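These notes are about the structure you will find just below.
Numbering (the numbering used here), first residue to last: 110 to 372.
Structure follows, in structure tokens:
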């Protein structure tokens, strides 16, 4: 078993080097398949903290994995898993933040949802089983999408008690309050994620711009003193800083459109 796992890791690193030199959709999808366990682990973790389907969380996580593959530099000596996890977690968190806001349901959706609940009970009796969403939508004479949106709005409207049981074991219960981090913990976690993202982006910079950014912004040296260490003039240090900051912004900001996994 250990030999098999080592072989997978070795093949993955070889592919990362090859993709870094000659990027292609085929190589990228191979890397996604090799590292899909990172996405599944993160999606499973978040599945117990929200009402979103596991499949949706997993799909969103793959976008983070793709971003990590496209930006990873294997020559820097970082483990890919440490580099990729913040990207995967970040994509899922952005998705949950967009979906988790409590909504004030429009009157139309309230009426549709209430009628749908009555029809659900009637169909359950007549069919002898819980009806499918499409069957309820057909009875309401609306589209499947409209019925599902009304259900989602109703779910987001309903607040959850912190005492609500999420996991029920034989010897103890895990409540919603147990798994929600305190504000300070959430801030610290976000800061750590941002630190890891910045560290990953810094590793992608060329040597001189990276050194200039570290000396001036992290070690707080003057540009003159930084120039002495680099062996360049303050003016050259300024140019290094401008290039370093410009590249960092490009690495850290999300792409306008992410590619879709090909079959």
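A virtual CB, placed ideally from N, CA and C, is assigned to each residue, including glycine. Treat the numbers as computed from the prediction; the structure is a model and nothing was measured.
- Using a Cβ-Cβ distance cut-off of 8 Å, the segment 214 to 233 and the segment 242 to 260 are in contact, since at least three pairs of beta carbons, one from each stretch, lie closer than that value.
- In the structure shown, the three-state DSSP call for residue 182 is coil.
- For residue 305, the three-state secondary structure derived from DSSP is helix.
- Distance check between residue 354 and each of 321, 339 and 345 places 321 closest, using alpha-carbon atoms only.
- Residue 162 sits exposed, since fewer than 16 C-beta atoms from the chains shown fall within 10 Å of its C-beta.
- Under the criterion of beta carbons closer than 8 Å, residue 234 and residue 245 do not qualify as touching, at roughly 14 Å.
- Contact between the segment 295 to 306 and the segment 328 to 342 is absent: fewer than 3 CB-CB pairs across the two stretches fall below 8 Å.
- A straight-line Cα-Cα distance of about 15 Å links residue 156 and residue 146.
- By the C-beta density criterion, residue 151 is buried, having at least 16 other C-beta atoms within 10 angstroms.
- Remark: C-beta atoms of residue 307 and residue 180 do not approach each other more closely than 8 Å.
- The three-state secondary structure of residue 126, taken from DSSP, is helix.
- In summary, residue 153 is exposed, with fewer than 16 beta-carbon neighbours lying within 10 Å of its beta-carbon over all protein chains present.
- Taking 8 Å as the upper bound for CB-CB distance, residue 310 and residue 350 are not in contact here, some 15 Å apart.
- Residue environment for residue 324: buried (at least 16 other C-beta atoms within 10 angstroms of its C-beta).
- Residue 200 has its alpha-carbon roughly 10 Å from the corresponding atom of residue 167.
- For residue 204 and residue 336, the gap between their C-alpha atoms comes out near 43 Å.
- For residue 352, the enclosing alpha helix (DSSP H) begins and ends at 343 to 361.
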